[in-house]
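Novice:
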Amino acid sequence: MTTSSKKGIVTLIIATFFLSLMDGMSRYMAELYDVLNINMFRFWIIGSFVILISLRGRGVLRSILKTKQPIVQISRGLLFISSLLMAIYSYTQVGLIVTHALMAVFPLLTVLLSGVFLKEEITQIKLIAVGVGFIGVIIIINPVNLQFSLVSFLPLISAVTFAIYAVLTRKVALTDNTETSFFWVSVVSAIAITIPSPLFYNPIQFSDIYFLILLCMFSLLGHFLLTNAYRYTEASVLQPFSYFHLFFASLVGIIFFKDPLTISTVAGGLLIVFGGILISRKS
């Protein structure tokens with residue numbers, strides 16, 4: 002393994018740690034305030050940061066704004082914020098562990114959707130991996146358990162939404178650079194969440210502003226490290242290590258929120274992770 006690959010792996014693992022702290026902070030705030038309000042402030046800060054970076058030189062903002070697929074870029078922003086809101090609401094309903102275990106299926110869904118819409122090759126190994134992953138989903142959801150309500154499917158819907166977002170991201174990558182795509186998804190998400198938020202506005206207490214700032218810091222730091230990890234090495238090398246997010250998020254859920262760790266969640270989660278690793282190894 003090259004030094005660059007090792008650096009990328011370590012950077013990714015650290016990124017998943019901060020993103021897990023972000024998820025825990027999101028859940029804490031979402032239990033106190035409306036999910037829309039919390040993320041409105043979050044994306045205002047992220048959007049402002051992105052715009053400031055884009056103003057670093059003459060003509061930079063205009064260059065970043067240029068896209069050959071504006072409709073697709075707008076769709077990406079709407080899908081991203083929708084997936085995020087569903088995931089955070091799921092944290093408060095079914096916990097961090099179950100939510101992340103189910104959302105770990107999104108790479109498998111991305112493979113299927115990429116084959117349908119981007120005409121990427123779907124090999125027999127990939128189909129087997131997807132099948133294994135979906136068995137894991139069924140084990141976690143456990144349809145025979147009558148205590149599992151319809152809201153338990155929300156993380157899965159979030160995963161489907163994020164998979165569509167990932168496919169569209171691959172599509173725009175053919176014509177637009179990374180900065181352009183990041184700018185559009187950040188700004189569109191900020192605008193989209195601002196529109197309905199005033200209807201559910203709940204003033205944030207001064208004592209909780211500290212936690213909101215921490216949430217934004219964890220988010221920016223996590224995504225910054227995540228972006229840098231993919232600069233060091235290939236996605237296929239990093240994909241297996243991205244499941245550290247599930248591990249760290251589970252620890253946060255157990256330690257801070259007393260989330261139960263059931264046998265079905267562990268077994269199903271391991272199958273989903275195995276399916277994801279199988280795909281990344283055969284890509």
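Numbering (our numbering), first residue to last: 2 to 284. Built from N, CA and C at the ideal position, the CB exists for glycine as well.
Determine the burial state of residue 202: buried for a count of at least 16 other Cβ atoms within 10 Å of its Cβ, exposed for fewer.
Specialist: Residue 202 should be labelled exposed.
Novice: With a 10 Å radius around its C-beta and 16 neighbouring C-beta atoms as the bar for buried, classify residue 232 as buried or exposed.
Specialist: It is exposed - the Cβ of residue 232 has fewer than 16 other Cβ atoms within 10 Å.
Novice: For residue 123, name the three-state secondary structure that DSSP assigns.
Specialist: Note: residue 123 maps to coil in three-state DSSP.
Novice: By a C-beta neighbour count over all protein chains shown, 10 Å radius and 16 as the cutoff for buried, is residue 125 buried or exposed?
Specialist: The residue in question, residue 125, is exposed, as its Cβ has fewer than 16 Cβ neighbours within 10 Å.
Novice: Under a three-way DSSP split, which group does residue 211 fall into?
Specialist: Three-state result, residue 211: helix.
Novice: With distances taken Cα to Cα, identify the nearest neighbour of residue 37 among 224, 128 and 88.
Specialist: Here the closest residue by C-alpha is 88.
Novice: Which value, in whole angstroms, describes the spacing of the CA atoms of residue 255 and residue 205?
Specialist: Distance between the alpha carbons of residue 255 and residue 205 is about 26 Å.
Novice: Closer than 6 Å by C-beta to residue 222: which residues in its own chain qualify, once you throw out the five before and the five after it? Chain order, please.
Specialist: Answer for residue 222: 19, listed in chain order.
Novice: Between residue 118 and the rest of its own chain, which residues show a CB-CB distance below 7 Å, the 5 nearest in sequence each way excluded?
Specialist: The answer, listed in chain order, is 168.
Novice: Output needed for residue 162: all residues of its chain with C-beta closer than 6 Å, excluding positions within five of it in sequence on either side, in chain order.
Specialist: 80, 83 and 84.
Novice: For residue 228, count neighbouring C-beta atoms within 10 Å of its own C-beta (all shown protein chains included) and say buried if the count is 16 or more, exposed if not.
Specialist: Residue 228 should be labelled exposed.
Novice: Alpha helix (DSSP H) containing residue 31: first to last residue?
Specialist: From DSSP, the alpha helix (DSSP H) with residue 31 extends over 4–31.
Novice: Does the stretch 266–276 come close enough to the stretch 124–142 to have 3 or more Cβ pairs within less than 8 Å?
Specialist: With a cut-off of 8 Å, the stretch 124–142 and the stretch 266–276 count as touching, because enough Cβ pairs lie within range.
Novice: Give the straight-line distance between the Cα atoms of residue 62 and residue 43, rounded to the nearest whole angstrom.
Specialist: Going from the Cα of residue 62 to the Cα of residue 43 covers about 22 Å.
Novice: Rounded to whole angstroms, what is the Cα-Cα separation between residue 56 and residue 66?
Specialist: Approximately 11 Å, taken between the alpha carbons.
Novice: According to DSSP, is residue 205 helix, strand or coil?
Specialist: Three-state DSSP puts residue 205 in coil, outside helix and strand.
Novice: Judging by CA-CA distance, which residue of 7, 101 and 191 is the nearest neighbour of residue 159?
Specialist: Ranking the options by Cα distance to residue 159, first place goes to 101.
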